[in-house]
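Residues 1 to 636 (full-length UniProt numbering) make up the sequence shown, in order. Taking it in order: structure first as structure tokens, then the write-up.
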Amino acid sequence: MAFAVTWAGGPAKAPAPRDTPPITLSDLDGDGDLDMLVETQTPFGQAETVFNNDGDRMTRLAVGLAKRELDSRLGDLLPGYARWVAGADGVGLAPSDDSVGVAPLPPGLEAATPERFDTKPSTLGDDYPQIRTLTMNFTVLARRLAAANPEPDETVRRHRLLSIQKMGAPGGAAKPRPSGPRLLGGPSVRDDFLAVIDNHTAIPADTHGAVGPEHLVVALNTEIAIQTREGELLSKVGLGDFWAGFSHGFVFDPKVVYDHLAKRWVVFTIADVNTTKSAVLIALSRTIDPTGDWDMASIRVHPEAAPDNYLYADYPSVGYNKKWLAASVNLYKGTDVPGEKEFVGSRIYAFHKPDYIQGGRAYYTQFDDPGFFTVVPATTFDANDTNLLFITEQSTRALRISALSGRVGQEHYTPKYARTTLDGITAWEFSIGKTNISPQKAAAKSIFANDSRMHALAKRNGKLWAAHHVFLPEGMENVDRTAVQWWNLETNATIIQRGYIQDTNAVKQYTFPSVAVNKNGDVLIGYSGFTKDTYASAYFSYRKASDPLGFMSKPALFKAGVAPYVKLRANGRNSWGDYSAAQVDPNNDTDMWTIQMYAETRNTEQKNIPDDKRDRWGTWWGFMAFQPDDPPVVTQ
């Protein structure tokens with residue numbers, strides 16, 4: 001979660017309630033008797049409750065909505081909806097064919113209760129209806145903001161300087177960049193360049209980015225920026241400006257992915273932390289070009305929230321496969337007591353990809369996973385993979401895999417899909433409280449390392465690759481370092497291999513990893529690195545598919561920090577992270593990229609910044625070539 005830094009639409013009108021709900025009688029379960037459909041108004045819009053006529057009694061079968069066109073054979077139904085049918089033997093959706101009834105669950109699945117909604121604009125509720133939608137053009141927005149704020153910031157100035165340097169090269173061409181060393185037969189850093197620099201509006205960066213065929217998109221707590229694959233800054237907007245159409249207060253924790261299957265960009269963000277108006281935000285580009293139109297939706301987390309009892313979302317994790325765009329958030333219970341909150345579990349939003357891509361409608365299914373923290377969906381590269389898997393910490397010795405399966409609109413979520421064995425696993429520590437543990441040069445404060453939550457999950461060639469950082473050795477009083485822990489698993493949670501990127505002498509520490517896997521099975525992990533003799537820097541490690549089990553290369557520096565970094569929150573944390581990104585190149589499915597955070601120079605130019613906030617972070621792209629003959633940047 002980010003911390004906003006600040007220097008010195010009216011409410012929707014609710015419709016009049018109906019005296020009695022409309023009732024439709026039809027043979028909904030195909031048993032020859034008339035059944036009853038009751039339509040009611042809910043905070044989500046129109047809801048349907050179905051009762052079947054079983055002899056002398058009416059049995060409640062279903063509550064909820066799903067986007068599905070049904071034919072008249074099922075009665076006089078609302079257009080665009082279908083019934084979610086639940087029974088003792090399983091759950092299923094009433095289809096638009098001759099068979100209507102209960103579909104059995106696949107073997108081993110446990111039924112979870114879904115809630116299903118669509119994103120037609122709601123006219124119910126208060127200032128923020130449950131779901132709202134709009135379309136935004138990135139280029140138009142960026143030009144309007146640039147015209148209103150003509151003074152370039154440090155990111156723009158630095159990129160302009162780089163462009164001038166390129167123009168000054170012979171013939172107007174860019175000076176050739178020396179290739180980085182090829183590491184033990186592995187990849188070379190074939191290119192690296194600036195992404196975005198801290199503008200002092202949020203702590204920390206929450207570094208994330210994605211790579212497309214022609215563009216790079218950077219998503220930070222401060223801004224969203226679009227670059228060419230050579231690093232040129234095309235345009236950028238403030239994160240709050242990106243979502244301004246929804247009139248939320250504070251937006252934070254953005255994540256962006258390039259869905260290589262759909263050839264679209266997706267941005268997830270959270271709004272209004274620790275308030276009754278907490279919302280999950282999603283935006284999908286209409287084309288492969290992120291500078292154009294985006295279809296956006298704002299989804300209220302807790303429509304029935306009261307000031308003394310409400311749920312709010314924090315820290316999204318994102319993934320996808322051919323059927324769903326998935327976001328998982330951590331849910332907290334808030335109250336009217338300042339600072340009081342209670343973690344309650346995770347919530348999965350499974351957006352129906354075909355509907356969103358074809359019509360810009362963010363239909364979704366929602367599942368709650370009580371008690372589990374940071375449930376990370378997989379970035380799924382196998383085009384024929386029908387299940388979407390998730391991973392989280394079961395304990396500080398084991399991981400749990402959960403699964404989303406079924407047809408779009410008929411999803412099942414299985415929390416206890418699989419769990420890693422405890423055999424041979426040394427426990428790690430989840431966190432060490434508010435202690436700043438990561439060392440840095442010439443600074444009075446070390447850097448905060450957060451906790452050991454899962455950061456990344458990729459599914460490739462039928463295998464899972466996951467990464468997070470952990471505190472070692474076990475025991476808060478014993479911890480002397482952070483290390484990246486990586487996992488390679490079968491989908492049934494059998495451990496193929498795992499290992500650490502660490503310094504057992506506790507001189508160097510590593511945090512906030514991200515992982516990418518190419519078509520050959522090569523792996524890239526990007527992360528932050530710290531020592532008492534260096535400034536906070538960006539690193540990577542790799543393994544080739546041909547390497548022996550358990551091998552991961554030693555840490556390799558690709559962007560050195562250049563200054564101390566101290567930007568304390570009120571609780572004393574010197575926040576860093578909270579995450580990073582790594583991705584395979586969509587143009588050849590072989591090379592890989594990562595975007596990481598580093599310590600930038602201190603801001604001594606701006607006059608309106610408090611002296612204790614002048615330190616700043618920067619974000620930097622690294623392009624790692626896994627093919628010997630690759631040009632500096634492969635373009636489509």
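The beta-carbon is built from N, C-alpha and C at its ideal position, and this holds for glycine as well. Keep in mind it's a predicted model, so treat the numbers as computed, not measured.
Original post:
In this structure, does DSSP put Thr511 in helix, strand or coil?
Top reply: strand
**OP:** For Asp336, collect the residues of the same chain with a Cβ closer than 7 Å to its Cβ; drop the 5 residues on either side in sequence, then sort them by chain order.
**Re:** Pro307, Asp308
**OP:** Determine, using beta carbons only, whether Gln596 and His200 come nearer to each other than 9 Å.
**Re:** no
Subject >> Local conformation of Ser235 per DSSP, three classes >> reply: strand
Original post:
How far does the alpha helix (DSSP H) with Tyr356 in it reach, from first residue to last?
Top reply: 353-359
**OP:** Counting only the same chain and skipping the five closest in sequence on each side, list residues whose C-beta sits under 8 Å from that of Glu474.
**Re:** Thr396, Thr426, Ala427, Trp428, Glu429
**OP:** Kindly identify the DSSP beta-bridge partner or partners of Val251.
**Re:** Ala271
Subject >> Every unbroken alpha helix (DSSP H) inside the stretch 455-524 [4 residues or more] >> reply: none
**OP:** Use the C-beta contact count for Met476: other C-beta atoms within 10 angstroms, 16 or more gives buried, fewer gives exposed.
**Re:** exposed
Original post:
If you count every other CB in all the chains shown that lies within 10 Å of the CB of Asn436, and 16 or more means buried, which is it?
Top reply: buried
Subject >> Backbone CA spacing between residue 643 and Asn505 [nearest angstrom] >> reply: What the structure shows of the chain is the stretch from 1 to 636, and residue 643 is not part of that stretch, so it cannot be assessed.
**OP:** Would you mind working out which of Thr287, His248, Ala536 sits nearest Arg264, comparing C-alpha positions?
**Re:** Thr287
Original post:
With burial defined as no fewer than 16 other Cβ atoms inside 10 Å of the residue's Cβ, what is the status of Gln227: buried or exposed?
Top reply: buried
Subject >> First through last residue of the alpha helix (DSSP H) which encompasses Thr135 >> reply: Premise fails: Thr135 lies in the beta strand (DSSP E), 131-137, not in any alpha helix (DSSP H).
**OP:** Taking Leu457 as the reference, give the member of Lys323, Val301, Glu393, Glu154 with the closest Cα.
**Re:** Glu393
Original post:
Pick from Arg143, Asp547, Tyr579: whose alpha carbon is nearest that of Ile203?
Top reply: Tyr579
Subject >> Cut-off 6 Å between Cβ atoms - residues of its own chain near Asp615, not counting five sequence neighbours on either side >> reply: Tyr565, Val566, Lys567, Arg602
Original post:
What do you get for Phe551, buried or exposed, if any count of 16 or more other CB atoms within 10 angstroms of its CB means buried?
Top reply: exposed
**OP:** Put Gly240 into one of helix, strand or coil per three-state DSSP.
**Re:** helix
Subject >> Extent of the continuous beta strand (DSSP E) to which Gln410 belongs >> reply: Unbroken run through Gln410: none, as it is neither H nor E.
Original post:
For the beta strand (DSSP E) that Met296 lies in, which residues bound it at each end?
Top reply: 293-300
**OP:** Could you check which residue in Leu399, Ser328, Lys445, Leu216 has the C-alpha nearest to that of Leu388?
**Re:** Ser328
**OP:** Could you tell me the boundaries of the beta strand (DSSP E) in which Phe390 lies?
**Re:** 388-393
**OP:** Would you mind sorting Pro121 into buried or exposed? The rule is 16 or more other CB atoms within 10 Å of its CB.
**Re:** Low per-residue confidence applies at Pro121: pLDDT is 33, beneath 50, and the placement is therefore not dependable enough to give any value.
**OP:** Can you tell me the Cβ-Cβ gap for Val301 and Tyr312, rounded? I've got them flagged as a contact below 8 Å.
**Re:** 6 Å
Subject >> Helix, strand or coil at His159 according to DSSP, with G and I counted as helix >> reply: helix
**OP:** Quick one: residues in its chain with C-beta nearer than 8 Å to the C-beta of Ser514, no 5 flanking neighbours on either side, listed in chain order?
**Re:** His455, Ala456, Ala467, Ile525, Gly526, Tyr527, Tyr579, Ser580, Ala581, Ala582, Thr594
Subject >> Alpha-carbon to alpha-carbon, His260 and Tyr81 >> reply: Here Tyr81 scores only 28 on pLDDT, less than 50, and its place in the model should not be relied on; the value that follows carries that caveat. C-alpha separation (whole angstroms): 30 Å.
**OP:** Compute the beta-carbon to beta-carbon distance between Thr291 and Thr139, rounded to the nearest angstrom, for a pair I have assumed lies under 8 Å.
**Re:** 5 Å
Subject >> Whole beta strand (DSSP E) elements within the stretch 296-344, 3-residue minimum >> reply: 310-320, 324-334
Original post:
Quick check: the stretch 191-198 against the stretch 143-160, are there 3 or more CB pairs under 8 Å?
Top reply: yes
Subject >> Own chain, CB closer than 6 Å to Ser235, minus 5 neighbours either side, in chain order >> reply: Ala142, Ile226
Original post:
Which one of Thr414, Asp480, Asp451, Gln485 has the shortest CA to CA distance from Trp465?
Top reply: Gln485
**OP:** Take Leu422 and list the residues in its own chain whose beta-carbon comes closer than 8 Å to its own, dropping the five residues that flank it on each side.
**Re:** Arg397, Ala398
**OP:** Label Ala442 either buried or exposed according to how many other C-beta atoms from any shown protein chain fall within 10 Å of its C-beta, with 16 as the threshold for buried.
**Re:** exposed
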